[in-house]
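Below: the structure, in structure tokens.
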DNA sequence: AAAAAAATGGGGATTAAGCCTCAGTTAAAT
DNA sequence: ATTTAACTGAGGCTTAATCCCCATTTTTTT
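Protein chains in written order, with the numbering used here: chain S, 6 to 211; chain Z, 6 to 211.
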């Protein structure tokens, strides 16, 4: 057990990042806290030798999102414990987070004490039993039940491409695109691409 | 000029709200800082007598959004200076913010010093020349050029209602809905409701 | 009072979306 | 080796969306 804990905060919103940094520094056991505005920047810091005990990573970021960032950290710096932070506390985000190898998940609706609790747990025991972890991660949900091709079609549908354009992009026939769309609609229980876009954007899917 | 400044922070994300609160309290001239998670709660606090010098209000909140909240504050507690905070620093949000009667606009991409600067300006001089204010607020942009009826149609289009449903909702004919839509498309330069939804959601219009 | 902007809605046309069934092929899993 | 899941695509259909044109009435502005 280490008494002083070093932290890295990674979030694209400066106001949040800097505030959280100050807030965390007010806890006695946290001795210092670096910050960066995206995943790439964070990894660069680590390469330069500024390696913390724990990294707090926002999921929605430009350049390199939180999932990718956590994956990279886990492969290059396995000693660093990672905590994902997200505004979207739905099953999809949480599941994807743990699949990326994160050690904990914190919602932006949680309290500072929750995040500090996770930090302490990870620093002292290397593990944190997440309050979000039991949100039935067992049964497949929503986008997770989509096949690779269906996900690709979904992504293009949400970029407002027509069937024709999607067919061109994927080198398949319009009819196949239509079949994929049909499956997506049934699996996600929607009847229009508008619903799909609303779903994807409000849940932070892409 | 008052030496001690009291603040209220209103934001639905607990983690951000509490962090900002701690961060602001670290500035010597800020003596205390209350917080609430939505506009209604904030106004209730004010009614109860907890009236601060300055209110920091997030624009995107449940129950009552930032624009409405600022309007209410300005009508019921005109002495309180308001600063809007937003993740969306586009012309639309900024313009709408000042129309609501806000005294300043702060992007969540700004630094803590920016927000502290705005607070000091407002507390000492009652005015803050915003770095965002000169972002050509003069020429009409995007959604702002829509008529009231067009905005209503836009809102319903983004809720994935069909023309038929919109017509029913607004007590007008489908043909009129179609004409409104036509105008919206031309004004916002889009060709599909999907683009419209993407535009609205990624810019925090609704 | 005159002009401009907003709201209304009809006619009509093309295109895209959505929905269903069926069926062959390929790849993965048991 | 056989079942299962994924990918592929055809035919055909219905409805909704998109995009023109036009005209009238109401409201607002000048």
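Glycine included, C-beta positions come from ideal geometry on N, C-alpha and C.
Reduced DSSP secondary structure (H/G/I, E/B, other) of residue i
i: residue 85 of chain S; result: coil
i: residue 63 of chain Z; result: strand
i: residue 142 of chain S; result: Reliability fails at residue 142 of chain S, whose pLDDT of 49 lies under 50, so the model's placement of it is uncertain and the value that follows must be treated cautiously. In the structure shown, residue 142 of chain S sits in coil (DSSP, three-state: anything other than H, G, I, E or B).
i: residue 195 of chain Z; result: coil
i: residue 69 of chain S; result: coil
i: residue 172 of chain Z; result: helix
i: residue 56 of chain S; result: coil
i: residue 36 of chain Z; result: strand
i: residue 15 of chain Z; result: strand
i: residue 132 of chain S; result: coil
i: residue 112 of chain Z; result: strand
i: residue 210 of chain Z; result: coil
i: residue 177 of chain S; result: coil
i: residue 31 of chain Z; result: coil
i: residue 105 of chain Z; result: coil
i: residue 42 of chain Z; result: coil
i: residue 9 of chain Z; result: coil
Short CB-CB distance (under 8 Å) between residue i and chain Z
i: residue 186 of chain S; result: no
i: residue 98 of chain S; result: no
i: residue 173 of chain S; result: no
i: residue 12 of chain S; result: no
i: residue 41 of chain S; result: no
i: residue 142 of chain S; result: Interpretation of residue 142 of chain S is limited by its pLDDT of 49, a score under 50 that renders its predicted location unreliable; no figure is taken from the coordinates.
i: residue 78 of chain S; result: no
i: residue 183 of chain S; result: no
i: residue 189 of chain S; result: no
i: residue 91 of chain S; result: no
i: residue 47 of chain S; result: no
Under 8 Å by beta carbon: chain Z residues contacting residue i
i: residue 212 of chain S; result: Only positions 6 to 211 of chain S appear in this structure, which leaves residue 212 of chain S out of reach.
i: residue 113 of chain S; result: 18, 19, 20 and 21
i: residue 129 of chain S; result: The contacting residues do not exist; residue 129 of chain S stays about 22 Å from chain Z at best.
i: residue 165 of chain S; result: 197, 199, 200 and 203
When the options are compared against residue i, the one with the closest alpha-carbon
i: residue 58 of chain Z; options: Z:193, Z:24 and Z:125; result: Z:125
i: residue 70 of chain S; options: S:182, S:159, S:48 and S:194; result: S:48
i: residue 174 of chain Z; options: Z:187, Z:188 and Z:159; result: Z:159
i: residue 193 of chain Z; options: Z:42, Z:182, Z:156 and Z:176; result: Z:156
i: residue 186 of chain Z; options: Z:84, Z:152 and Z:119; result: Z:152
i: residue 65 of chain S; options: S:86, S:91 and S:105; result: S:91
i: residue 100 of chain Z; options: Z:44, Z:119, Z:137 and Z:179; result: Z:137
i: residue 17 of chain Z; options: Z:32, Z:41 and Z:188; result: Z:41
i: residue 167 of chain S; options: S:35, S:154 and S:182; result: S:182
i: residue 31 of chain Z; options: Z:60, Z:78 and Z:121; result: Z:121
i: residue 52 of chain S; options: S:164, S:191, S:8 and S:85; result: S:85
i: residue 10 of chain S; options: S:33, S:25 and S:21; result: S:33
i: residue 164 of chain S; options: Z:195, Z:60 and Z:104; result: Z:195
Contact list for residue i against chain Z, beta-carbon separation under 9 Å
i: residue 117 of chain S; result: 19, 20, 23, 24 and 27
Cβ pair residue i, residue j closer than 8 Å
i: residue 82 of chain S; j: residue 56 of chain S; result: yes
i: residue 74 of chain Z; j: residue 114 of chain S; result: no
i: residue 50 of chain Z; j: residue 13 of chain Z; result: yes
i: residue 149 of chain Z; j: residue 97 of chain Z; result: yes
i: residue 162 of chain S; j: residue 184 of chain S; result: no
i: residue 28 of chain Z; j: residue 23 of chain S; result: yes
i: residue 54 of chain S; j: residue 15 of chain S; result: no
i: residue 189 of chain Z; j: residue 202 of chain S; result: no
i: residue 107 of chain S; j: residue 123 of chain S; result: no
i: residue 130 of chain Z; j: residue 110 of chain Z; result: no
i: residue 72 of chain S; j: residue 105 of chain S; result: yes
i: residue 102 of chain S; j: residue 60 of chain S; result: no
Interface residues of chain S facing residue i [CB-CB closer than 8 Å]
i: residue 126 of chain Z; result: Under the 8 Å cutoff, chain S gives no residues; its nearest Cβ is about 17 Å from residue 126 of chain Z.
i: residue 179 of chain Z; result: Neighbours of residue 179 of chain Z on chain S: none; closest Cβ ~17 Å, over 8 Å.
Any non-hydrogen atom of the ligand SAH closer than 7 Å to residue i Cβ
i: residue 199 of chain S; result: The ligand SAH is not part of this structure, which contains no ligands at all.
Proximity test, Cβ basis, 8 Å: residue i and chain S
i: residue 210 of chain Z; result: no
i: residue 145 of chain Z; result: With a pLDDT of only 43 at residue 145 of chain Z, under 50, the local geometry of the prediction cannot be trusted, and the value read off the model is given with reservation. Answer no: the Cβ-Cβ gap between residue 145 of chain Z and chain S never drops below 8 Å.
7 Å Cβ cut-off: residues of chain S touching residue i
i: residue 120 of chain Z; result: 20
i: residue 31 of chain Z; result: 27
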